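Start counting the sequence shown at 34; every next residue gets the next number (my numbering).
These notes are about the structure you will find just below.
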Amino acid sequence: MAAYDAIILGAGPAGLTAATYLARFRRRVLVLGAGAPRASWIPESHNTPGFPDGVGGDELLRRLTEQAAQFGADIRQARASRLTRVGNVFEVTAGRAKMQAPAVLLATGVIDRMPRVAGLEDAIRRSLVRMCPICDAYEAIDKRIAVLGDGGLAQREAAFLGTYSQQVTVIGARAARRLSFTETEIKWAQPRGLQRTFDHLYLALGCEPQSALAVDCGAKRDKEGNLVVDMHQMTSVDGLFAAGDVVRGLNQIAVAVGDAAIAATAIHNRLRDAAG
Numbered sequence: 034m035a036a037y038d039a040i041i042l043g044a045g046p047a048g049l050t051a052a053t054y055l056a057r058f059r060r061r062v063l064v065l066g067a068g069a070p071r072a073s074w075i076p077e078s079h080n081t082p083g084f085p086d087g088v089g090g091d092e093l094l095r096r097l098t099e100q101a102a103q104f105g106a107d108i109r110q111a112r113a114s115r116l117t118r119v120g121n122v123f124e125v126t127a128g129r130a131k132m133q134a135p136a137v138l139l140a141t142g143v144i145d146r147m148p149r150v151a152g153l154e155d156a157i158r159r160s161l162v163r164m165c166p167i168c169d170a171y172e173a174i175d176k177r178i179a180v181l182g183d184g185g186l187a188q189r190e191a192a193f194l195g196t197y198s199q200q201v202t203v204i205g206a207r208a209a210r211r212l213s214f215t216e217t218e219i220k221w222a223q224p225r226g227l228q229r230t231f232d233h234l235y236l237a238l239g240c241e242p243q244s245a246l247a248v249d250c251g252a253k254r255d256k257e258g259n260l261v262v263d264m265h266q267m268t269s270v271d272g273l274f275a276a277g278d279v280v281r282g283l284n285q286i287a288v289a290v291g292d293a294a295i296a297a298t299a300i301h302n303r304l305r306d307a308a309g
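So, in structure tokens, the structure goes:
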């Protein structure tokens with residue numbers, strides 16, 4: 034069984050940042066990524082620090098991966114199916130492979146609840162459909178904006194967007210079936226043959242934190258399903274850390290990399306103290 038100083042589950046901004054830190058701390062670190070991270074959906078971010086001209090999600094992930102690998106992090110595409118505590122170490126199962134480490138960092142993120150609308154993925158990549166007003170509402174100033182969702186979440190998102198545009202309309206989730214996309218607009222077919230068009234559609238349907246592996250290992254969650262961590266990003270399970278979107282609902286790259294830096298440093302110090 035392969036042994037590491039730390040295993041990171043998730044190869045998004047949080048996981049890759051933590052990998053860079055741990056590798057530069059001269060730790061043997063493994064990163065397991067499972068498919069495209071949520072950040073890969075970003076057409077172009079203009080609020081990511083250090084990129085005044087913007088950066089696409091794929092390009093950002095490429096740079097973060099290259100940086101972590103440059104310092105020796107072992108980065109693989111494999112989905113962890115089980116996480117267990119065995120004595121003083123954690124055992125991670127991914128397919129037929131098993132790995133162990135005294136510390137594990139979950140950077141598994143969240144999965145957005147998506148409506149069933151033809152052409153949705155392409156519309157997201159063209160920035161017609163958006164999921165984060167904190168990230169990109171500035172680019173929607175004075176645009177025609179629709180918010181898809183029900184209840185308090187949709188109303189709060191609409192109120193937030195009201196800072197940027199006076200043309201904000203909330204559409205109930207059931208109306209998703211009446212949405213369609215052109216190259217430049219969103220069309221909403223209304224009863225009696227009427228139709229409205231929008232420049233951007235924000236999804237306010239919520240998301241699911243990917244915390245099951247940690248919970249199965251005994252970690253506590255809050256009422257929203259986010260993992261509860263201390264000031265060093267450690268969960269209620271000793272030696273099990275978490276960073277990024279799986280910890281808090283803000284879902285920001287800058288927050289994720291900050292969490293990761295804190296967690297990686299705490300892991301390094303923990304290992305150093307254990308070595309005497």
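All residues carry an ideal CB built from backbone N, CA and C; glycine is no exception.
Computed from a predicted structure; not experimentally measured.
- Three or more beta-carbon pairs separated by less than 8 Å are not found between the segment 54-70 and the segment 274-285, which leaves the two stretches without contact.
- DSSP places alanine 275 in the strand class (E or B) of the three-state scheme.
- The three-state reading of DSSP puts glutamate 77 in coil, since its state is none of H, G, I, E or B.
- Restricting attention to Gly226, Pro85, Ser78, the CA atom closest to the CA of cysteine 168 is found in Ser78.
- Closest in alpha carbon position to histidine 301, among Gly291, Gly272, Val279, Gly45, is Gly272.
- Taking a 10 Å sphere around the C-beta of methionine 132, we find 16 or more other C-beta atoms and assign the residue as buried.
- Between alanine 47 and valine 64, the C-beta gap is not smaller than 8 Å, which leaves the two residues out of contact.
- DSSP lists Val143 as the beta-bridge partner residues of proline 242.
- Non-local C-beta neighbours of isoleucine 157 in its own chain, meaning closer than 7 Å and more than five positions away in sequence, comprise Trp74, ordered along the chain.
- In the same chain as arginine 229, and ignoring 5 residues on each side of it, the C-beta atoms closer than 6 Å to its own belong to Trp221, in chain order.
- The Cβ atoms of aspartate 278 and alanine 289 sit closer than 8 Å to each other.
- Taking a 10 Å sphere around the C-beta of tyrosine 235, we find 16 or more other C-beta atoms and assign the residue as buried.
- About 4 Å separates the Cβ atoms of threonine 141 and glutamine 243, confirming a contact at the 8 Å cut-off.
- Excluding residues up to 5 positions away in sequence, Thr53 lie with their Cβ nearer than 7 Å to the Cβ of glutamine 100 in the same chain.
- By the Cβ test, the segment 199-218 is in contact with the segment 145-156, since at least three Cβ pairs between them sit closer than 8 Å.
- The beta strand (DSSP E) runs of length 3 or more contained entirely in the segment 248-304 are, from start to end of the chain, 273-275.
- Under DSSP, the beta-bridge partners assigned to tyrosine 235 are Arg163, Val180.
- Taking 8 Å as the cut-off, the Cβ atoms of alanine 192 and leucine 238 do not count as close.
- Excluding its 5 nearest sequence neighbours in each direction, alanine 67 has C-beta neighbours in its own chain below 6 Å: Arg112, listed in chain order.
- The Cβ atoms of leucine 186 and alanine 209 lie no closer than 8 Å to each other.
- Nearest in C-alpha terms to leucine 116, of all of Leu42, Lys253, Cys240, is Leu42.
- In this structure, threonine 98 and valine 88 do not form a Cβ contact; the two beta carbons are roughly 14 Å apart against a cut-off of 8 Å.
- Secondary structure note for alanine 72: it is in no beta strand (DSSP E), with a DSSP letter that is neither H nor E.
- Here tyrosine 171 is exposed: its Cβ has fewer than 16 other Cβ atoms, across all protein chains shown, within 10 Å.
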